[in-house]
Amino acid sequence: MIHAFQTLCPGCVALLSLHFTAPHWPWEGPDDEAESRRIRNILHRDGGTRRTYAAMVQSLDANVGRVLQALDATGLASNTIVVFTSDNGGERFSDTWPFSGMKHELLEGGLRIPAIVRWPGRIAAGSVSDQAMATIDWLPTLLAAAGASSDAAYPSDGEDLGPVLTGGATSYPRKLYWRYKAGSQRAARDGNWKYLRIAGNEFLFDVVKDPRERANLKDREKDVFDRLKADWEAWNATMLPERARPANYVHPGNLTADRYGVVNPAPVAPSATLPKN
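Be aware that the sequence shown starts at 714, since it is given in this note's numbering, and climbs by one per residue.
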């Protein structure tokens, strides 16, 4: 693909968004043809092992390497920004230590994702940044790097973090907000502080000192707790309303052993005012 693009449009600016389907459901590696024939549902809950997961990650790594080799071979590497990231935290066989929680949860294990950037000559190799960021920041960051900007009529919710990534600016605190309908989850991050509500329980954590989210400081730091909760409510008032229909947990206790206290709500008869799916 990279070779074809260079031939068809030499000197053009381009974006390649490459989405790998592994590691993901179903849990099968490159040589698991027999397992592929056995399963009948992508929600492959009766299969998978750590060895299978490792094979999937190894395949991912090898194919990312092929992309980087193609950039080197075509001479595009020095002027290409490569971003390796994910859409959510780990699940099933992944190791999210020191974080707790997983995909579909607003605990840090469900929110934290890899973010690796290669931009030779602009970002120092081997450098590490503690800048808090979200996926929404990539749009304004990449646009600015290409000398462009968002349409003023449709401003991005993200921020251009190019100056921080290239060392031209120091990291700074961010305010970030989330909501997830299953478990009526909500979260707000302001600097080191994080407000979290999940399944009706509320918490305040210092996620820098306590990344496992074990010490609930909502009573000791009541002013911070009240402020972040109010900030979340103010942000939520600017969002589209959530649908009234209940949303099921993806990891209830009958499917995931360490979620033994998590149950799905009882089925509700569909309302005549809601569209039938």
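Note that beta-carbon positions come from the ideal geometry of N, C-alpha and C, so glycine has one too.
Small disclaimer: the values here were computed from a predicted structure and weren't measured.
{"Query": "Under 8 Å by Cβ, that's how I've got A857 and I794 pegged, so tell me the actual separation to the nearest angstrom.", "Result": "About 11 Å; that fails the 8 Å criterion."}
{"Query": "Less than 8 Å separating the beta-carbons of L784 and A790?", "Result": "yes"}
{"Query": "Taking the straight line between their C-alpha atoms, what separation do you get for N967 and P736?", "Result": "23 Å"}
{"Query": "Have a look at R972 and H964 and give me their C-alpha separation to the nearest angstrom.", "Result": "7 Å"}
{"Query": "With K888 as the anchor, note down where its beta strand (DSSP E) starts and where it stops.", "Result": "888–893"}
{"Query": "From N914 to N792, what does the alpha carbon distance come to, in whole angstroms?", "Result": "48 Å"}
{"Query": "What separation, rounded to the nearest whole angstrom, lies between the Cα atoms of Q771 and G834?", "Result": "28 Å"}
{"Query": "Got a sec? Which residues, its chain only, sit under 8 Å from P876 by beta carbon, not counting five neighbours each side?", "Result": "A882"}
{"Query": "So, with DSSP's three-state summary, where would you put Q771?", "Result": "helix"}
{"Query": "Do Y908 and L819 have their C-beta atoms closer together than 8 Å?", "Result": "no"}
{"Query": "Measuring straight from C-alpha to C-alpha, what distance separates D903 and H817?", "Result": "21 Å"}
{"Query": "Please look up how many angstroms separate the CB atoms of P996 and A768, rounded, as I've assumed it's under 8 Å.", "Result": "Past the edges of the chain, shown from 714 to 990, lies residue 996, and the structure says nothing about it."}
{"Query": "How is the beta strand (DSSP E) around R910 delimited, first residue to last?", "Result": "906–911"}
{"Query": "Tell me whether the beta-carbon of L662 lies closer than 8 Å to the beta-carbon of F733.", "Result": "Only positions 714 to 990 of the chain appear in the structure, and residue 662 is not among them; the question remains open."}
{"Query": "Looking only at its own chain, which residues have a Cβ that is under 7 Å from the Cβ of H757, when we skip the five neighbours before and after it?", "Result": "W738, P739, W740"}
{"Query": "Since A900 sits in a beta bridge, which residues does DSSP pair it with?", "Result": "W891, L909"}
{"Query": "Under DSSP, the beta strand (DSSP E) around L917 begins and ends at which residues?", "Result": "914–919"}
{"Query": "Please say whether F918 and E926 have beta carbons closer to each other than 8 Å?", "Result": "yes"}
{"Query": "Three-state secondary structure (DSSP) at A828?", "Result": "strand"}
{"Query": "Who are the near neighbours of R764 in its chain, counting only those whose CB is closer than 6 Å to its CB and skipping five residues on each side?", "Result": "none"}
{"Query": "Measure how close the beta-carbons of R831 and G761 come, nearest whole angstrom, since I'm counting them as under 8 Å.", "Result": "About 31 Å separates the two Cβ atoms, so there is no contact after all."}
{"Query": "Would you give the residue range spanned by the alpha helix (DSSP H) that V795 belongs to?", "Result": "No alpha helix (DSSP H) contains V795, which is instead part of the beta strand (DSSP E) from 795–798."}
{"Query": "Could you check which residue in R958, T879, W851 has the C-alpha nearest to that of A838?", "Result": "T879"}
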